[in-house]
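Structure first, commentary second.
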Amino acid sequence: MSKSFFQNLKSIFRIKYPVISRTISASPFSSSPVSSNLPGAILNAKTFSQAMQLFNSASKKTEPIKDLTLHSAIIHYLTRARLYLDARCLIKCLIENLSKTSNPRKVCSLIFDSLGKIDFGCCSNVFGVLIIALSEMGFVDDAYWVYQKMGELPSLPACNALLDGFLKRGKFEFMWNIYKNMLALGLYPSVVTYGVLIDACCMKGEILKAKLLYDEMAEKGIKPNVVIYTTLIRGFCSEDRILEAESMFMKMREVGVRPNLYTYNTLMDGYGKMADAGRAFQLYQQMMNHGILPNIVTFGILIDMLCKVGEVIAARNFFACMVKFGVRPNLFVYNCLIDGCCNPYDVSTAIEMHSEMEKLGISPDVVTYGTLIKGHCTVGQVDEAERLLQKMDKTGVVANSVVYNQLINRYCEDRNMEKALALCSQMIEKGVQPDVVTFSILIDGFCKVGNVEAAMGVYTEMIIKGLKPDVVAYTALIDGHFKKGSTTAALRLHKEMMEVGVVPNAFTFTCLVDGFLKNGMINDAIKFFLKVTSSGSAGVKVDSNNGVLSFPNNVTYSALIHGLCKDGQYFKANKFFVDLRRNNLYPDLPTYAMMIKRHFEAGHITSVMMLKADMLKTGFMPNLCMYKVLLKGYQDMVDLNSTCKCYEELIDSGLVGSAASLMQSLRDHVNNSALSRPVTSLLT
């Protein structure tokens, strides 16, 4: 309850609030009036001053003020005099004091009954004031109880207050019941009504329903205000429908509704989610041109966006601009900058930002420390990450599972499983339970060091704790079992993950194909690959540290091509290579070398030339191994001109200085061939 609220009460009753508080709470449920004439005298007072004088005189006595009837009378009087705010303040005061000794529903019932006993010709309005007071205090269920008990529809402001109360509580289904009842009984919705309903639709993600309400307003001749337009823009942005958000922004300006700072911030945030820094800053400049100055929210949105698109220097420059505007940076802005600096591995700058915020008296939170720990772990500075974790403990910032997982993951990457397990024990001692991510990291770590038995132990513990293994855990176990040669176990895990509803990602599919191939199951690999790509799973993508991995990807195709070539199935290998390029994927140099070697053996010189041109087109320059394949291929085909040109390319490439073994190998190989004399001469 705010201080201004109590000051308002003092001005109404011209008595000190402690007197009211004491007398109301002394006997909260008294219902027998001391003087039966006093409530009537208040109700029949000629003027407001006279009514208040009667009420105040009664308050100076010890007992009468305890009577709810007396308070009900003055509330009725204030309502009839249209002093709704004053009536509402008194009701809130009553509710607050009576609630000290009883539950809100009983208090609500007492006040409702007491107000209902007075026949003053304005019961509907009085109950409407009670509904508004209860809704504003957060007692929405009690307000709805009054709404149902009334027997008639309350005033529009009361309905709007009730709608807003349910909106804040997230009870959307009640809102539509009230709205339908309003329409059925002929109560005309206002711009406030539509604003609350549209907000509810946007919060539920029902943007089309919100747009229908907006259209309904136009049909009824109700002009939307800046709040409604901003709410709709926010709704469109949250659904990534940025074009419709822009259209709504332009529409509001066309009809003369001026966007406010919140409107601009909302649309800028939408651009931020789309990583469209250009349009975000155009809107920012437009806002400035219209005389609207940015606030900390504006700067936070733009700095966060710049950091996420990798423009950390621009973000820092804009941060300096914020200070020039006199806007004090907050924790969110610093966290964005620290995260931005850590992403391109500029951890030293992130540490500087951390020190700067502490000098300004802004205490780092768990997000700050988590970001810094992640940054140190990424660049391999594990000691610094450990020091920060200790500092968190000393300063009272409680580390969460996200923070611990960063360090555990680093230990696993360093193959230090002993330390990873020790940190797991530490986090449990601190009251932080390992989550799905923690277990998945450990499972992956044990699989990478070849300890699949320990990984399965962690997996079992995960199941016992009631945690559902995710795609990372299953993929790591499948890969680990394949590498051990346990094909049956790997396939059993794949079957299990499908049965429990865990959707495989690109890494899972690639591990399965690679596992089949490494265990000599080439036909199974092809069969599985074709099954997946024909079932609609092809094209699945997953975020990785290096961008986005798709399936099928170049790793999958390369594994298939190498496996088929080693098995002598050159025709199928060539088919997969063609598919790879048709899907705009790029083979690596070993794959190009493998295919070129096989085409040389088949005597397909035109295919060799096309593959070499394609390799150069995709940005790959031949290395020593590739030149060895080319020189040997041309020599075997007795193509002196191509051999000479290839050798000249080798010299020009700068690799010839380290190619002594290649030259000797070539001399040995050509001694008994048709090109023996010219090639030997060329290489000396």
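Read in the UniProt record's numbering, the sequence shown has 328 at position 328, and its numbers run on one by one without any break.
Backbone N, C-alpha and C define an ideal beta-carbon position, used for all residues, glycine too.
Here the structure is a predicted model, which means the values were calculated and not measured.
Within a 10 Å sphere around the beta-carbon of Cys-342 sit 16 or more other beta-carbons, which makes this residue buried. The continuous alpha helix (DSSP H) containing Ser-558 extends over residues 554-566. Remark: three or more beta-carbon pairs, one from each stretch, lie closer than 8 Å, so the region 407-425 and the region 374-384 are flagged as touching. Take the alpha-carbon of Glu-461 and the one of His-376: they are about 30 Å apart. Note on His-290: under 16 other CB atoms within 10 angstroms of its CB, so exposed under the neighbour-count rule. Taking every protein chain shown into account, the CB of Lys-632 has 16 or more other CB atoms within 10 angstroms, so this residue is buried. A contact between stretches requires three or more CB pairs, one per stretch, nearer than 8 Å, and the region 202-209 fails this requirement with the region 175-186. DSSP, read as helix, strand or coil, puts Gly-501 in coil. With 16 or more other CB atoms across the displayed protein chains lying within 10 angstroms of its CB, Val-129 is buried. When the alpha-carbon of Val-629 is set against those of Ile-651, Leu-589, Val-503, Gly-619, the nearest one is in Leu-589. For Phe-620, the three-state secondary structure derived from DSSP is coil.
As the crow flies, the alpha-carbon of Gly-515 is around 20 Å from that of Pro-587. Here DSSP, grouped into helix, strand and coil, assigns Leu-655 to coil. The three-state secondary structure of Phe-551, taken from DSSP, is coil. Selection Leu-477, Leu-423, Ala-422 evaluated against Ile-443 yields Leu-477 as nearest (Cα-Cα).
When DSSP states are grouped into helix, strand and coil, Asp-588 belongs to the coil group. Contact annotation: Ile-338 and Met-322 have beta-carbon atoms that are not nearer than 7 Å. Fewer than three Cβ pairs drawn from the region 516-528 and the region 492-506 lie within less than 8 Å of each other, which leaves the two stretches out of contact. Proximity of the region 98-105 to the region 74-88 falls short of the contact definition, fewer than three beta-carbon pairs being nearer than 8 Å.
For Met-417, the enclosing alpha helix (DSSP H) covers residues 417-429. Lys-430 and Leu-389 have their C-alpha atoms spaced approximately 12 Å apart. Note on geometry: alpha-carbon atoms of Ser-72 and Lys-117 lie some 9 Å from one another.
Non-local C-beta neighbours of Met-392 in its own chain, meaning closer than 7 Å and more than five positions away in sequence, comprise Tyr-369, Ala-399, ordered along the chain.
In the structure shown, the three-state DSSP call for His-290 is coil. DSSP, read as helix, strand or coil, puts Tyr-345 in coil. Taking one beta carbon from each stretch, the region 104-119 and the region 151-160 have fewer than 3 pairs nearer than 8 Å; the two do not touch.
About 16 Å separates the Cβ atoms of Leu-54 and Leu-68, ruling out a contact at the 8 Å cut-off. Considering only Tyr-271, Lys-324, Leu-293, the residue with the shortest C-alpha distance to Leu-302 is Tyr-271.
Under the criterion of beta carbons closer than 8 Å, Thr-533 and Ser-558 do not qualify as touching, at roughly 16 Å. The DSSP-derived three-state label of Val-297 is helix. With a cutoff of 7 Å on beta-carbon distance, Phe-577 and Ile-561 are scored as near each other. DSSP, read as helix, strand or coil, puts Ser-607 in helix. For the options Gly-195, Val-472, Ala-454, Met-203, the alpha carbon positioned closest to that of Ala-506 is the one of Val-472. Counting along the chain, the unbroken alpha helix (DSSP H) around Arg-234 starts and ends at 226-238. Rounded to the nearest angstrom, the gap between the Cα atoms of Asn-260 and Leu-167 is 23 Å. Tyr-188 sits in coil when the DSSP states are folded into three classes, being neither helix nor strand.
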